[in-house]
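Scroll down for the structure; my scribbles are underneath it.
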Amino acid sequence: MARARVMPLVALCALAAFAVTGAQVVPLDSSKQVLDWSRQSNIKPQNFSLTEEDRLQLLGRPEEVTHRKLRERTRVKKKIEPVQQDDEALVKLENAGIERSKAVDSAVLGKYSIWRRENENEKADSKVRLMRDQMIMARIYSVLAKSRDKLDLYQDLLARLKESQRSLGEATADAELPKSASERAKAMGQLLAKARDQLYDCKAITQRLRAMLQSADEQVRSLKKQSTFLSQLAAKTIPNGIHCLSMRLTIDYYLLSPEKRKFPKSENLENPDLYHYALFSDNVLAASVVVNSTIMNAKEPEKHVFHLVTDKLNFGAMNMWFLLNPPGDATIHVENVDDFKWLNSSYCPVLKQLESAAMKEYYFKADRPKTLSAGSSNMKYRNPKYLSMLNHLRFYLPQVYPKLNKILFLDDDINFDPNACGWAYGMNMFDLEEWKKKDITGIYHKWQNMNENRLLWKLGTLPPGLLTFYKLTHPLDKSWHVLGLGYNPSIERSEIDNAAVVHYNGNMKPWLEIAMTKYRPYWTKYINYEHTYVRGCKISR
């Protein structure tokens, strides 16, 4: 274990030799290089004292001059060889370190990392990698220079470092670098060579690299906490375009006369021979995608009935959207959760708990974070969806639809595809007759009452759902419900293409700016971006 931990640092230490020159080792066959090597501690220049007679004799005999030069080169070569061998050993050590570092996986996607697996083409983006390596060594040498009072060298390193940073910018490929990058890399290499001559100390560099790695590790942990906080914050926000869409639709809905606010085919709403869907949402655009994707992939659209429930704020907008954009031959009906008078605190434990002073203190006042990273752990529990009865209405399906015997529950962050999930909310078929026999709602109430002090779970519907339906579910094939498009970047495309339902569970919802780009097209293809309201609210792909 100890050797495995030290090896990366040794590899980085050896990296100094490579970053200084920015090129391969050049054979030492020039007089300048011989003079450079003569400055090494184990190679001392020799003084040759010749008399004028000897000098004239040598000049007069060319073969002697030639032999003299050959002997001198041989003597210098013998003294240089040990140093070259040391360099060869250093290069071997560096290569071994690099090979071992390739086995270390990187969590940084799309960014340069000295630990990343290289591209198949080893020469690809070599200049970017060289400049980043140079900047690492420049930071190390600047610290060493300052500690040894070599202030001129320290200032030069800082100046070159700033130049390299400006040239590199956000570039991740050689093609993105400015024309001046090559000259600046060359100048940095020359300065690093000078710094190496004056400051190179493998032990000191190793210690400094270890300190840098520890500091970077701490920064990564802090940034992860901040990222979690900000992603939770982004997840609970409403994009301007969707807010605009809801407001405009609401205004136009209440300008309609009462007779124009009704949907056709109301006789289908309680017909048990049709296919019924329950969709609870406060997001107009998301609900429209669920309905559109289902209808566009249905063999018999006229047999599908959508029961949509929203809140008072979005009731007008949801109605107006589907009045303007009816789901073809399918049936749709929109209800307001606030109209369910039976759903009150005397009947529903979660409503009673949400009205308590302790709950309000916990979710809205207590433990306010003083920093971004400190607030990351509790932010998700303050997401409005956890406090909305739309989220808990799924436990009352028989009460909402008393005359139906079966219903398919859909979340508003899924897409439906017929070519086809585990036990997870998103796409669930409920047998309402069995629900009533087993008193599922009563089981849910029991667990919710037991969790009054939030000792079993904090908030949400998945924990009580897992408890309530324990041993009361039957599995579907995985291809029916593919999860993770809101947080998992590594889902195989074949899984998505073969899925009946794809689920954007997680914070990266497809309607948010933080959505994963590669998954958005599965959602956006069901939106008409040329629609008057959509275009007017500047909702784009």
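FYI, in mature numbering (1 follows the signal peptide of the UniProt record, and there is no 0) the residues of the sequence shown are -23 to -1, 1 to 518.
In this text, a Cβ means the ideal position worked out from N, Cα and C, and glycines have one as well.
Can you look up residue 259 in the DSSP assignment and give me helix, strand or coil?
Looking at residue 259 - three-state DSSP - the assignment turns out to be coil, as it is neither helix nor strand.
Rounded separation between residue 119 and residue 188 - CA only
Between residue 119 and residue 188, the C-alpha separation is close to 14 Å.
What first and last residue would you give for the beta strand (DSSP E) that runs through residue 140?
In the DSSP annotation of this structure, residue 140 is not part of any beta strand (DSSP E); the continuous alpha helix (DSSP H) holding it starts and ends at 128 to 145.
Identify the continuous alpha helix (DSSP H) that holds residue 509 and give its terminal residues.
Start and end: 509 to 513.
Considering only the alpha carbon of each residue, which of 137, 147, 245, 146 lies closest to residue 116?
Per the Cα distances, 137.
Below 8 Å, can you find three or more Cβ-Cβ pairs linking the region 190 to 210 to the region 132 to 150?
By the Cβ criterion, the region 190 to 210 is not in contact with the region 132 to 150, since fewer than three pairs of Cβ atoms, one from each stretch, lie closer than 8 Å.
For residue 282 and residue 254, which I take to be in contact (beta-carbon distance under 8 Å), what is that distance rounded to the nearest angstrom?
Confirmed, Cβ separation roughly 7 Å.
Can you have a look at residue 258 and say buried or exposed, based on whether 16 or more other CB atoms are within 10 angstroms of its CB?
So residue 258 counts as buried.
What is the DSSP secondary structure of residue 500, reduced to helix, strand or coil?
Here residue 500 sits in helix by DSSP.
Report the residue from 420, 405, 164, 194 whose alpha carbon sits nearest the alpha carbon of residue 107.
That would be 164, whose Cα lies nearest to the Cα of residue 107.
Taking only three categories from DSSP, how would you classify residue 34?
Low local confidence applies: a pLDDT of 47 at residue 34 is under 50, so the model's placement there is unreliable, and no value is given.
Below 8 Å between beta carbons: does that hold for residue 457 and residue 404?
Yes, they are a contact pair.
Spell out a yes or no on whether the region 231 to 246 and the region 262 to 273 are touching, meaning 3 or more CB-CB pairs, one atom from each, closer than 8 Å.
With the cut-off at 8 Å, the region 231 to 246 and the region 262 to 273 do not touch.
Of the listed residues 169, 438, 159, nearest to residue 132 (C-alpha basis)
Nearest of 169, 438, 159 to residue 132, Cα basis: 169.
Completely contained alpha helix (DSSP H) runs for the region 173 to 255, where each covers 4 or more residues:
Annotation note: the region 173 to 255 contains the following uninterrupted alpha helix (DSSP H) runs of length 4 or greater, listed N- to C-terminal: 179 to 212, 217 to 231.
Looking at the secondary structure, which residues open and close the beta strand (DSSP E) in which residue 279 lies?
Taken as a continuous stretch (DSSP letters only), residue 279 belongs to no beta strand (DSSP E), as it is neither H nor E.
Suppose you measure from the CA of residue 353 to the CA of residue 205; what does that come to, to the nearest Å?
At residue 353, the pLDDT of 47 sits below 50, so the modelled position is not reliable and the matter cannot be decided from this model.
DSSP state of residue 438 mapped onto helix, strand, coil
Coil.
According to DSSP, residues forming a beta bridge with residue 406
Paired residue(s): 385.
Residue span of the alpha helix (DSSP H) that contains residue 105, given as start and end:
Per DSSP, the unbroken alpha helix (DSSP H) holding residue 105 starts and ends at 103 to 124.
What is the rounded straight-line gap between the Cα of residue 518 and the Cα of residue 498?
If you draw a straight line from the Cα of residue 518 to the Cα of residue 498, it is about 8 Å long.
Can you give the Cα-Cα distance for residue 436 and residue 176, rounded to whole angstroms?
Cα to Cα, residue 436 sits roughly 58 Å from residue 176.
Enumerate in chain order the residues of its own chain whose CB-to-CB distance from residue 336 is below 6 Å, with the five nearest sequence positions on each side excluded.
The beta carbon of residue 336 lies closer than 6 Å to those of 330 in the same chain, with the five residues before and after it left out.
Under 8 Å between C-beta atoms of residue 513 and residue 482
In this structure, residue 482 does not lie closer than 8 Å to residue 513 by Cβ.
Taking 8 Å as the limit between beta carbons, can you name the residues of its chain near residue 424, skipping five residues before and five after?
The answer, listed in chain order, is 433, 441, 444, 445.
Straight-line gap, residue 104 to residue 152 (C-alpha atoms, nearest Å)
Looking at the two C-alpha atoms, the distance is approximately 10 Å.
Pick from 419, 387, 490, 280 that is closest to residue 376, judged by C-alpha positions
The option with the nearest alpha carbon to residue 376 is 419.
Could you spell out where the beta strand (DSSP E) holding residue 311 opens and where it closes?
It spans 308 to 313 - the beta strand (DSSP E) in which residue 311 sits, taken as one unbroken run.
Residue 289 versus residue 495: straight-line alpha-carbon distance, rounded:
For residue 289 and residue 495, the distance between alpha carbons rounds to 34 Å.
Bounding residues of the alpha helix (DSSP H) (the contiguous stretch that carries residue 422):
Taken as a continuous stretch (DSSP letters only), the alpha helix (DSSP H) holding residue 422 covers 417 to 427.
Tell me which residues share the same chain as residue 291 and place their Cβ nearer than 7 Å to its Cβ, disregarding the 5 neighbours each side in the sequence.
Within the same chain, 223, 259, 261 come within 7 Å of residue 291 by CB-CB distance, once the 5 residues on both sides are set aside.
Inter-residue Cα distance where the pair is residue 309 and residue 194:
Rounded to whole angstroms, residue 309 to residue 194 spans 53 Å at the Cα level.
Quick check: the Cα distance between residue 365 and residue 135, rounded to an integer number of angstroms?
Each residue's Cα considered, the two are about 55 Å apart.
If we cut at 8 Å on Cβ distances, does residue 507 have a partner in chain B?
Protein chains in the displayed structure number just one, and chain B is not present.
Contact check, residue 298 vs residue 392, beta carbons under 8 Å
Cβ distance not < 8 Å, so residue 298 and residue 392 don't count as in contact.
So the candidates are 372, 325, 236, 218; which of them puts its Cα closest to the Cα of residue 509?
Residue 218 is the option with its Cα nearest to residue 509.
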